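In what follows, a structure is listed as structure tokens, so that the remarks can point back to it.
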Amino acid sequence: MVQRRIMLLLDNLVIRREIFSYAIDLALRMESSLYLLVLLYVTPKTLKADCQEAERVLNDFLEKSRQQNVEVHGTIRQGDPASELLKYLAESRPFQAIIWGGKEQLLRNKSTPVRTHWLEQIRKRLECPVVVPTLKEKL
Amino acid sequence: MEKALQIVVVDDEPIVRKRLKPALEKNGYEVEVYEDGADLIKRLKEKIFDIVVTDLRMDNIDGIQVLKEVLNQSDHTKVIIITGYASVEVAREALTTGAFDFIAKPFKPNDLRVVIEKAADTLRAERAEAAVHK
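Protein chains in written order, with this note's numbering: chain A, 12 to 150; chain B, 127 to 260.
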């Protein structure tokens, strides 16, 4: 049987609470393994602390997933996020879905090509759907 | 003193050539730029570059052809593909054909600088290893 694969993609280290539990729940429902990809954009101001925080986020997620008996893998890549994601996908077996950890509003701003979020710019050219979990708004 | 790395950039977008040449020269590299892949291929017969930065989609010769020509001439040269038509398929083709790296446009000069530094480090490591085995 071919193992299903879901990617959790983070390009920001401010993690929304619901993201990890959503990814783990989806993996359990779809009987999938989880792949966490943390993308760190490298600028002249990128700090060692950012790399350490990325490591901490990754280890936290690996631990939470393993506690739920989900097969999980994690990678941190540094560089231009669009290029790093495309290269990662090019080097990997196909994913059934990508869960993006950012806020949905960020993908909505399409006023100019430059202002369009990097993920929105390449979203249609990915080979699997991108899921952006959002909490239900209170009535 | 270490000799400056020889870099060539081929891209049919004038703005890319105009911005990258001074940005890379500022970092100590010797840089040539070409608008047309065919002109670069002629130049490759005269000179071996350390790093080739090529656009993927160009009128006469595309970046994959440039990549193949470069690798035919020298397997030490690192080829970086840049493209505004980035997709998983394109990245896969570039990397399996032998590109050192792949960058989606739009990118900032710093993004390319980071990749070029990575290529330069790899070249230095390969040369150091080759010197040990001589």
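By construction, the Cβ of each residue, glycine as well, lies at the ideal position given by its N, Cα and C atoms.
Keep in mind the model is a prediction, meaning the values are calculated, not measured.
At a C-beta separation below 7 Å, A/D91 has these neighbours in chain B: I229, A230, F233, D237.
Close CB contacts of A/P92 within its chain, under the 7 Å cut and outside five residues either way in sequence, are with D22, L50, Y52, W129 (chain order). A residue is called buried when at least 16 other Cβ atoms come within 10 angstroms of its Cβ; A/R28 does not meet this threshold and is exposed. Taken atom to atom, the span from the alpha-carbon of B/V157 to that of B/P148 is near 8 Å.
About 16 Å separates the Cβ atoms of A/A34 and A/L24, ruling out a contact at the 8 Å cut-off.
Taking the Cβ atoms as the reference, B/D138 lies roughly 12 Å from B/I208, outside the contact range of under 8 Å.
When the beta-carbon positions are compared, B/I133 and B/V196 stay at least 8 Å from each other.
Taken atom to atom, the span from the alpha-carbon of B/T248 to that of B/I206 is near 13 Å. DSSP places A/H84 within a strand segment (E or B) once states are collapsed to three.
B/A230 is bridged by DSSP to B/T209. Cβ-Cβ distances below 8 Å link A/V68 to L21, L24, I26, V49 in the same chain, with the five nearest sequence neighbours on each side left out; the list follows chain order. Using a CB distance cut-off of 8 Å, B/A149 does not count as an interface residue toward chain A.
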